[in-house]
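Chemist: Handing you this structure, nothing more for now.
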Amino acid sequence: MRAFDEWLLNFTDNPLNVALLAGAAFLVALSFLWLDQVVFYTTLIVKSFRRNVLRSTLTSMAIMVLVLVVTLVWSVLNLLDKVTSDKARDFKAIVSERWQIPSQMPYSYVSGLARGGARTGSDIVPMDSMTWTFYGGTTDPVNRTRENIVFFFGMNPQKMMLIQRDEKGNPLRDRDGKLIYSSMMDDIDQATEEEMLDLDRHCREMEKDRSKVVIGRDKLDSMKKKIGERIKVTSFNYPGVDLEVEIVGTFPKGRYDASSLVNIQYILDGIDAWKQKNGKPHPMAEKCLNLVWLKVPDTEAFRQVADQIITSPEFKSPAVKVETASSGIASFLDSYRDLLWAVRWILVPAILATMVLVIANAISISVRERRTEMAVLKVLGFSPTQVMILVLGEAIFIGVISGMISAGIAYIAINARGGLKFPIAFFPAFKVPDEAIWWGLMIGGATGVLGSLLPAWSARSVKVAEVFSKTA
Amino acid sequence: MTRPIVEIVGLHKSFTRGSEKIDVLVDLTLNVPEGEFLALMGPSGSGKTTLLNLIAGLDSPTRGTIRVGDDLISNMTEGQLAKWRTRSVGFVFQFYHLLPVLTAYENVELPLLLLPLSSSERKKQVLNALDLVGLANRMGHRPGQLSGGQQQRVGIARAIVTDPTLIVADEPTGDLDSKSADEILDLMVELKRGLNKTIVMVTHDPRAAARAERILHLEKGRLVRETSGIDHAMHHFNGGEHITGAVPEREVRR
Amino acid sequence: MSLIDLLWIVPVGSALLLLTGGLVVTLPLSIVLLFVLAAQLVGLLRRVPFTYNLRNLLVRWKTNILTTIAFICVVALLTFMLAFVNGMYYLTSNTGNPSNVFVLADGATDELFSNLGYGDVKEIALQPGVLKDEDGMPLASWELYCVVNQPILVRKCPVCGDLVPVDRFGRELIEHGSPRCEGSGRSIVGSRGRRLLQVRGIEDPAKSGKVHSIPLKVGNWFSQSGVQALQGSTSAEQAVQAVIGEGLSRELGPDAGKRALEVGDTFDLGPRKWVVTGIMDSSGSTFDSEIWAKFQLVGQQFGKPTYTTCVLRTKDEEDAIKLAQFLKTDYKKPAVSAQQETVYYAGLNTTNQQFLYATIVVMLIMAIGCAFGVMNTMFAAIAQRTKDIGVLRIIGYSRWQILTSFFMEALALAVFGGLIGISIGSLCHGLSATSNIASGPGGGKSVVIKLVVDHYVILTGMGFSLFMGCVGGLIPALSAIRLKPLESLR
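Chains as they are written, first to last, in this note's numbering: chain A, 88 to 559; chain B, 21 to 274; chain C, 317 to 806.
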């Protein structure tokens, strides 16, 4: 029952779902009240759809391919919109170097930042924190290719996944039987319980043996490596700090398929070893902290923590900045701003316009071919509006059905492949969201209505006398 | 006697509809002398239109031979037939079948475009043909702007513009009122007399058939009898009230 | 293979099969038909008169206009997208000089991650092959490249139109105006809060300009000290002198309330004020989006005290390739990675290619959608004219002639729509847009791109419309000639 409650809450969270539910309820009510009419119209519409199977199929194919493009494009835009709008819960603050890109801070900042720069008792301390160090290397320094390059996130593995366990090592569960875990990473809650347990085991192993790493399944494939293999990574952003690692596992399917994870301590060990060997600090020694994430309860806390950090004398060389995760990503995407604008306001409208035209074309052809038939309907006592509804209904029928099929295929097919792999910024792949089915339905229906408005009007104003005088 | 322009020997045509085999024409032999106006009559399904189509090279026989002029058309491929039709045969249809978007002039010009003619020659021939059917003053009109009789006259102009020896007509008056029908039939008789065209016409209108020299009656794919149209016509012109049955008949050889 | 895999393999597979099958049949036949059409046009072959097609197109003008507009949409869009990708290619292929050798730290693929701070790097410039200037010094440009975050501190208030400062978090306009302006406190979240600027620290701007063949458009190169007193300021603060690209001057202009920054204008970057001493004539290259300033000042302000890049001028292309090869393989103190400068910039094409592929995929799908629309139009046209076809066949027109006649009608729609579409799409020529170009994940430059419509774009657009016309016109035309003349008259 609890699961149902939660589902219901989630479902009603989205206004689109509620609107659709209301629409569906309205339709059901309609069909109860005027059952015979609804049946009558539906039969006529379906029959006219089947009249010219060729044309119906062609129109529906055209709608399907166009809805497919819109679905793909919107999947990308949808995710970008989502990540650049602030979440109400789990507010994340990102601390990075103030001026330079990429951000490089001394690792000594970690403890101060984790406290949120708190100096007095009244200052706010973040709920949780994690650090990011980006380490790039290759398994083949002589012949470096896209396939053998690997980018590691150097971090504390427990921030990736930590499941609470009792003394015997059994995972603890809450009252609903769900695992009790903590993770700073996004989308980890999408993983199955089995995947979570696996990831937790890997992270604990990484904690024990720092040379162990986790690599996403797509990255493993492209490197042609398997779990259990040992690899030597020659770095290009930490020259001389090369890592010998053992692959212990992979991430839950999805978001992290192209990512790799190493214990930050292992990189720091390497930097120390370099100093021992060369008698001077590694040039990156004071620059190996790229980002710090702080978890704060809400916007107010975020503002205060940001203030604490910016005004703190601890973080002056180099200076740092604090932003919300969303605005951080937004400014990262800024270089794609014009492009995304063009996609949103030129590409998509042009596709929709093309759809409307294709539908308008098909429907006006079929209205012209059936002028006599419409005249007969009028003779039989159909009102002009009823004739119009028939034409509109046919267009909506084709639009809605094809749109839903297309979006449905995109949803199932693309998500089964782990999402749309379009490398923009640092997003490895874009999932087609659940709403996509509604998009298909809405796009198909709306373009159907728009495309059939004029033909439906001309069908409405068919003059009986004219039609019969011509055929006579 | 000169060689007949159309010579049909042992013609057999059958269709299969589903699993059923239907014999439309059965062992038919027929000669049409040059310059004859021949009418084919018979009830629906008697095979008269099929015979017409075979003579015109629109269809090929199951068995038997058809010779038109010097050409053995029953052996021709479809491509050869198309070429042959352009030069040697003109069609007149019941529903005129003019291309609605083209003017009368352009409709008549259509078959000429397939022949190696200069544009001035084409123009001369088209005007000639339109003149002959009495529509030279209407050549810029589209079919929709012409009456049924006028449209059929454009159809006839189109049929004769390539100067074919043979003209086939499928119910040319079937869609016309009696006055227009008479005008069309007058025109066809004129074609035969003035230009010595051979005309094969399918009709079920006895009045139309009566204008022909010879009437062949088909039933169930066989020629059942032959009557003389001119006699019939004379009778008609002499004020005879009823037409059918008043004509001397003789059995045809099977 | 799971059941779910089947769900996408079946539709995608069958679509691909249809597409390739369709292409295998359509393309050769279309090409043959195009030749036949050409022969008909010049009068070598007999044809159904074109007036016939033209009049029919006019009679069915409503559906034909709908189809044509769909064509216009698709082709205009294609032109626009290709112009963008083309602009990126222009930019990367116009940046860099083929006689220059581009030196980065060993293993670095991007200037951003390069660090030439190990060992005595200055010796690189003394290698044979590097040209010398009038004073006998090597023609080498020592550079520190970095990307700097510039918060946008002022914005135009939508209510009063004044330039108004933004609050510390970049979220809303501060209180302003007297009496208080309505726009105070207006949220600006969702719009851009900052820019990422490319700053290049160099030693000798005149020499670097010479190496890169970039002259100044107006103003002067920055001075030896690289700083100057702020005009009208009483404080002792000195502003950093900078020369900036022309494109960047336009990008930064609005902050100062003008169309573009001019010599003498200042802007804020990092902890200091900067003053423009010159504008570079750098249009069409990535330097158009850069700020050049004194090396020491850049390094000190942004915490990057070492060179990232060294660019060496050689006699010609051949020498450059030779020198790059030598530096890459034989030079070991310290080991560096070296390549022809043009090769480095061409390497930034990875992004371009991704966009090109995405464009092609999107356009192919749209073309198929549009072709379905054309098919609808043509099938309907043929259904309405079966009798015409019958008559033409009986008169003696061959299947080929009828095929080309209907095929041509579809092509006419396509060509007409395509031409208008290209013309509309071409209006974007010369517009500028910012984008990111990169050689791979992580790196990249934010650059100003000028959209370029050239003959490639126009030809591709035309080819696309022909393709849609052929695919959409051929199948209905083929169905038209399958009709037997007698059947079509019934």
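We put the CB at the ideal spot given by N, CA and C, even for glycine.
Is it right to say residue 202 of chain A is buried, meaning 16 or more other beta carbons lie within 10 angstroms of its own, or is it exposed?
Modeler: Taking the first residue of the first sequence as 1, we reach residue 202 of chain A at position 115. Buried, since its Cβ has 16 or more Cβ neighbours within 10 Å.
Chemist: DSSP on residue 181 of chain B, reduced to helix/strand/coil?
Modeler: Here residue 181 of chain B corresponds to residue number 161 of the second sequence, with the count starting at 1. It is coil, neither helix nor strand.
Chemist: List the DSSP bridge partners of residue 626 of chain C.
Modeler: For the purposes of this step, residue 626 of chain C is taken as residue 310 along the third sequence, with counting starting at 1. Residue 626 of chain C pairs with C:419, C:458.
Chemist: Hey, residue 406 of chain A and residue 184 of chain A: beta-carbon distance below 9 Å or not?
Modeler: Numbered from its first residue, the first sequence carries residue 406 of chain A at position 319. Numbered from its first residue, the first sequence carries residue 184 of chain A at position 97. Contact: yes.
Chemist: To the nearest angstrom, how far is it from the Cα of residue 255 of chain B to the Cα of residue 230 of chain B?
Modeler: Mapped onto the second sequence, residue 255 of chain B falls at position 235. Mapped onto the second sequence, residue 230 of chain B falls at position 210. Any reading at residue 255 of chain B is ruled out, since the residue's pLDDT is 48, under 50, leaving its predicted position unreliable.
Chemist: For a test of the three-state rule: what should DSSP assign to residue 270 of chain A, helix, strand or coil?
Modeler: Taking the first residue of the first sequence as position 1, residue 270 of chain A is located at position 183. In this structure, residue 270 of chain A counts as coil in the three-state DSSP scheme.
Chemist: Any idea what DSSP makes of residue 765 of chain C, helix, strand or coil?
Modeler: Along the third sequence, read from residue 1 onward, the residue named residue 765 of chain C stands at position 449. In the structure shown, residue 765 of chain C sits in a strand (DSSP, three-state: E or B).
Chemist: Which ranges does the beta strand (DSSP E) cover as unbroken runs of at least 3 residues, wholly within the segment 186 to 229 of chain B, from first to last along the chain?
Modeler: List check, beta strand (DSSP E) in window: 186 to 190, 218 to 222.
Chemist: Given a limit of 7 Å on CB to CB distance, which residues of the segment 48 to 75 of chain B reach chain C?
Modeler: Against chain C - using a Cβ distance shorter than 7 Å - the residues of the segment 48 to 75 of chain B are 73.
Chemist: Against chain A, which members of the segment 605 to 618 of chain C pass a CB distance test of less than 8 Å?
Modeler: Listed by position along the chain: 617, 618.
Chemist: For residue 388 of chain C, I'd like the list of residues in its chain whose CB is within less than 6 Å of its CB, leaving aside the five on either flank, ordered along the chain.
Modeler: The sequence position of residue 388 of chain C within the third sequence is 72, counting from 1. The answer, listed in chain order, is 733, 736, 737.
Chemist: On the premise that residue 689 of chain C lies in contact with residue 331 of chain C, defined as a C-beta separation below 8 Å, what is that separation, rounded to the nearest angstrom?
Modeler: Mapped onto the third sequence, residue 331 of chain C falls at position 15. Mapped onto the third sequence, residue 689 of chain C falls at position 373. In fact, because the Cβ distance is near 17 Å, the residues do not count as touching under 8 Å.
Chemist: What separation, rounded to the nearest whole angstrom, lies between the Cα atoms of residue 398 of chain C and residue 676 of chain C?
Modeler: As a first step, residue 398 of chain C must be located in the third sequence, where it is residue number 82. As a first step, residue 676 of chain C must be located in the third sequence, where it is residue number 360. Approximately 9 Å, taken between the alpha carbons.
Chemist: So what does residue 237 of chain B bridge to, in DSSP terms?
Modeler: As a first step, residue 237 of chain B must be located in the second sequence, where it is residue number 217. B:61, B:245.
Chemist: Measure the beta-carbon distance from residue 303 of chain A to residue 334 of chain A and round it to whole angstroms, keeping in mind my assumption that it falls under 8 Å.
Modeler: Walking along the first sequence from the start, residue 303 of chain A turns up at place 216. Walking along the first sequence from the start, residue 334 of chain A turns up at place 247. Rounded, the Cβ-Cβ distance is 11 Å, inconsistent with contact.
Chemist: If I follow the unbroken beta strand (DSSP E) through residue 656 of chain C, where does it start and stop?
Modeler: Counting from one through the third sequence, the residue named residue 656 of chain C turns up at place 340. Counting along the chain, the beta strand (DSSP E) containing residue 656 of chain C begins and ends at 652 to 656.
Chemist: So residue 370 of chain A contacts chain C; which residues on that side make the cut at Cβ distance below 9 Å?
Modeler: Translated into the one-based positions of the first sequence, residue 370 of chain A becomes position 283. Simply 431, 433, 434, 622.
Chemist: If you run the structure through DSSP and keep just helix, strand and coil, what is residue 518 of chain C?
Modeler: For this step, residue 518 of chain C is matched to residue 202 along the third sequence. Residue 518 of chain C falls in the strand class under three-state DSSP.
Chemist: Can a CB atom of chain B be found closer than 9 Å to the CB of residue 362 of chain C?
Modeler: Taking the first residue of the third sequence as position 1, residue 362 of chain C is located at position 46. For residue 362 of chain C, the answer is yes, since a Cβ of chain B falls inside 9 Å of its Cβ.
Chemist: When you compare the CB positions of residue 549 of chain A and residue 474 of chain A, do they come within less than 9 Å of one another, or not?
Modeler: Within the first sequence, residue 549 of chain A is the residue found at index 462, counting from 1. Within the first sequence, residue 474 of chain A is the residue found at index 387, counting from 1. Cβ distance < 9 Å, so residue 549 of chain A and residue 474 of chain A count as in contact.
Chemist: Counting pairs of Cβ atoms below 8 Å between the segment 469 to 484 of chain C and the segment 633 to 644 of chain C, do you hit three or more?
Modeler: With a cut-off of 8 Å, the segment 633 to 644 of chain C and the segment 469 to 484 of chain C do not count as touching, because too few Cβ pairs lie within range.
Chemist: Rounded C-beta distance between residue 170 of chain B and residue 155 of chain B? I'm assuming under 8 Å.
Modeler: One-based indexing of the second sequence puts residue 170 of chain B at position 150. One-based indexing of the second sequence puts residue 155 of chain B at position 135. Residue 170 of chain B to residue 155 of chain B, Cβ: 6 Å. Contact.
Chemist: On the DSSP letters alone, give me the boundaries of the beta strand (DSSP E) that residue 143 of chain B sits inside.
Modeler: Here residue 143 of chain B refers to the residue found at position 123 of the second sequence. Where residue 143 of chain B is concerned, there is no enclosing beta strand (DSSP E), although the alpha helix (DSSP H) it sits in stretches over 139 to 152.
Chemist: Excluding the five sequence neighbours on either side, which residues of its own chain have a C-beta within less than 7 Å of the C-beta of residue 139 of chain B, listed in chain order?
Modeler: Translated into the one-based positions of the second sequence, residue 139 of chain B becomes position 119. No residues qualify anywhere along the chain.
Chemist: Quick check on the DSSP output: what are the complete alpha helix (DSSP H) runs of length 4 or more inside the segment 577 to 644 of chain C, in order along the chain?
Modeler: If we require 4 residues or more, the alpha helix (DSSP H) runs fully inside the segment 577 to 644 of chain C come out as 611 to 618.
Chemist: Any residues in the segment 158 to 192 of chain B with a beta carbon nearer than 7 Å to a beta carbon of chain C? Which ones, in chain order?
Modeler: Listed in sequence order: no entries.
Chemist: Beta carbon of residue 480 of chain C, beta carbon of residue 462 of chain C: below 9 Å?
Modeler: If you number the third sequence from 1, residue 480 of chain C lands on position 164. If you number the third sequence from 1, residue 462 of chain C lands on position 146. Going by C-beta atoms, residue 480 of chain C is not nearer than 9 Å to residue 462 of chain C.
Chemist: Is there a C-beta anywhere in chain B that falls below 9 Å from the one on residue 704 of chain C?
Modeler: Here residue 704 of chain C corresponds to residue number 388 of the third sequence, with the count starting at 1. Yes, contact with chain B.
Chemist: Could you work out which residue in A:390, A:191, A:290 is closest to residue 374 of chain A when comparing CA atoms only?
Modeler: As a position in the first sequence, residue 374 of chain A is number 287, starting the count at 1. Closest by alpha carbon: A:191.
Chemist: Alpha carbon to alpha carbon, how far is residue 606 of chain C from residue 630 of chain C?
Modeler: In the third sequence, residue 606 of chain C corresponds to position 290, counting from 1. In the third sequence, residue 630 of chain C corresponds to position 314, counting from 1. Whole-angstrom Cα-Cα distance: 24 Å.
Chemist: Around the C-beta of residue 341 of chain C, are 16 or more other C-beta atoms found within 10 angstroms, so that it is buried, or is it exposed?
Modeler: Counting from one through the third sequence, the residue named residue 341 of chain C turns up at place 25. It counts as exposed.
Chemist: Measure the Cβ-Cβ separation of residue 523 of chain C and residue 453 of chain C and say whether it is below 9 Å.
Modeler: Mapped onto the third sequence, residue 523 of chain C falls at position 207. Mapped onto the third sequence, residue 453 of chain C falls at position 137. Their beta carbons are under 9 Å apart, which means residue 523 of chain C touches residue 453 of chain C by this criterion.
Chemist: From the DSSP output, which residues share a beta bridge with residue 333 of chain A?
Modeler: For the purposes of this step, residue 333 of chain A is identified with residue 246 of the first sequence, where counting begins at 1. DSSP output for residue 333 of chain A lists A:299, A:317 as bridge partner(s).
Chemist: State the Cα-Cα distance for the pair residue 749 of chain C and residue 214 of chain A, rounded to the nearest angstrom.
Modeler: The count along the third sequence starts at 1 and reaches residue 749 of chain C at position 433. The count along the first sequence starts at 1 and reaches residue 214 of chain A at position 127. For residue 749 of chain C and residue 214 of chain A, the distance between alpha carbons rounds to 41 Å.
Chemist: Suppose the cutoff is 7 Å on Cβ atoms and the five residues either side in sequence are ignored; what does the same chain contact list for residue 118 of chain B look like?
Modeler: Indexing the second sequence from 1 puts residue 118 of chain B at position 98. Closer than 7 Å at the Cβ level, and outside the excluded window around residue 118 of chain B, lie 127, 163, 171, 174, 175.
Chemist: Would you mind telling me which residues of chain A sit closer than 7 Å to residue 686 of chain C, beta carbon to beta carbon, in chain order?
Modeler: Taking the first residue of the third sequence as 1, we reach residue 686 of chain C at position 370. Within chain A, the residues near residue 686 of chain C are 441.
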